[in-house]
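Residue numbers (the numbering used here): 2 to 352.
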């Protein structure tokens, strides 16, 4: 699969191929590189112990997603970036968790997992929803009361929300990795055999990140042309396509762990990835946009975004609250994702 990495740059800079081919090949390459970043991070974590290893895993888990979003943002496609944020939350919490449950229950009547871990993850996901809804509610109130939006207030509010979210994420790391790490430790013992040498892990991590940046630069210029050629909206490309590219490695890892009987890890990957999008990826993108002079806000102008994010948190909380899951609950999650995908497909669709 690594053979796909040089294809997009060659198509763009040497062949001058149509944007849709550049986008497709670059997307595959980013997904492959994201999986290598995940592998390198896991290998390094084996040698660093549970606390530092866990911190490293959650810190580098979204590198591909962040890099891709940064290049799309630098290209001036703020709404596509917001759509990618929404899609990442939906993809991991609904599609990823649903697939993990369905695969994990093959040959089993139901799956069991720690209610304490699931409860914390569900609470954090609800917090993410509240934080992402706040700027939109503020925008609505401002329009209603004053009759005209004031962009500077939305930027200031989004920056403030971003800082608070990052602080809460830091507190969450301290809680789960330091003060209460026994409660939230994996159910399975850490396997330290066959770990890569640290130099190899770091080298793969750095090299894959650089290559992701190269691929993201090629892909970021192509979403609009790709969407137009396929008859799709930019929003659909962001919610479904770009989001799945950035979270592909998480989806594959979650399904693999569920198949191996480690559903606790699969749950942590799926819901934890959604939480990281809300508590880390979105705030970092807001701050980065302010630094590069192209400020974006956390105001989701499309009501469907807000409905989808809030509905996802509600459904995941309901399913994870009892510490058990059956195959039918997994099918329900996948079905909800399909319904939302169809809704985004018809929203703002080109004529």
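Each residue gets a CB set at the ideal place from its N, CA and C atoms; glycine is no exception.
Alpha-carbon spacing of residue i relative to residue j, whole angstroms
| i | j | result |
| --- | --- | --- |
| residue 320 | residue 168 | 28 Å |
| residue 223 | residue 239 | 12 Å |
| residue 175 | residue 335 | 33 Å |
| residue 202 | residue 41 | 5 Å |
| residue 37 | residue 30 | 11 Å |
| residue 311 | residue 44 | 35 Å |
| residue 137 | residue 131 | 10 Å |
| residue 314 | residue 16 | 45 Å |
| residue 173 | residue 285 | 17 Å |
| residue 257 | residue 177 | 23 Å |
| residue 112 | residue 125 | 22 Å |
| residue 293 | residue 105 | 44 Å |
| residue 264 | residue 275 | 17 Å |
| residue 329 | residue 9 | 40 Å |
| residue 24 | residue 340 | 25 Å |
| residue 211 | residue 251 | 20 Å |
| residue 273 | residue 209 | 22 Å |
| residue 134 | residue 337 | 20 Å |
| residue 342 | residue 154 | 32 Å |
| residue 82 | residue 345 | 15 Å |
| residue 298 | residue 181 | 34 Å |
| residue 307 | residue 245 | 19 Å |
| residue 91 | residue 249 | 13 Å |
| residue 4 | residue 323 | 44 Å |
| residue 218 | residue 325 | 42 Å |
| residue 46 | residue 97 | 23 Å |
| residue 281 | residue 70 | 13 Å |
| residue 206 | residue 68 | 14 Å |
| residue 166 | residue 283 | 9 Å |
| residue 123 | residue 309 | 16 Å |
| residue 61 | residue 35 | 10 Å |
| residue 26 | residue 348 | 26 Å |
| residue 64 | residue 139 | 30 Å |
| residue 226 | residue 204 | 35 Å |
| residue 18 | residue 28 | 15 Å |
| residue 74 | residue 115 | 38 Å |
Burial state of residue i, where buried means 16 or more other Cβ atoms lie within 10 Å
| i | result |
| --- | --- |
| residue 230 | exposed |
| residue 117 | exposed |
| residue 242 | buried |
| residue 216 | buried |
| residue 14 | exposed |
| residue 94 | buried |
| residue 102 | buried |
| residue 145 | exposed |
| residue 279 | buried |
| residue 301 | buried |
| residue 200 | exposed |
| residue 352 | The pLDDT assigned to residue 352 is 45, lower than 50, so where the model puts this residue is not dependable, and the model offers no usable value. |
| residue 317 | buried |
| residue 1 | Lying before the first or after the last residue shown, residue 1 is absent from the chain, which here runs from 2 to 352. |
| residue 89 | buried |
| residue 164 | exposed |
| residue 332 | exposed |
| residue 198 | exposed |
| residue 237 | buried |
| residue 171 | exposed |
| residue 77 | exposed |
| residue 107 | exposed |
| residue 20 | buried |
| residue 261 | exposed |
| residue 179 | exposed |
| residue 99 | buried |
| residue 141 | exposed |
Range covered by the alpha helix (DSSP H) that runs through residue i
| i | result |
| --- | --- |
| residue 265 | 264–277 |
| residue 333 | 328–347 |
| residue 222 | It is not in any alpha helix (DSSP H) - residue 222 carries neither H nor E in the DSSP assignment. |
| residue 247 | 244–260 |
| residue 11 | 8–11 |
Residue i: CB within 6 Å of a non-hydrogen atom of the ligand NAP
| i | result |
| --- | --- |
| residue 275 | Looking at this structure, you won't find the ligand NAP or any other ligand, since it has none at all. |
Go through the segment 126–169 residue by residue and report every complete run of the beta strand (DSSP E) that reaches 3 residues or more, in order. none
Item to complete: Report yes or no: do three or more beta-carbon pairs, one from the segment 259–273 and one from the segment 158–165, lie closer than 8 Å?
Response: no
* **Continuous beta strand (DSSP E) assignments of at least 3 residues falling wholly in the segment 39–121** => none
If you scan the segment 276–329 from start to end, which runs of the beta strand (DSSP E) of 3 or more residues do you find wholly inside it? none
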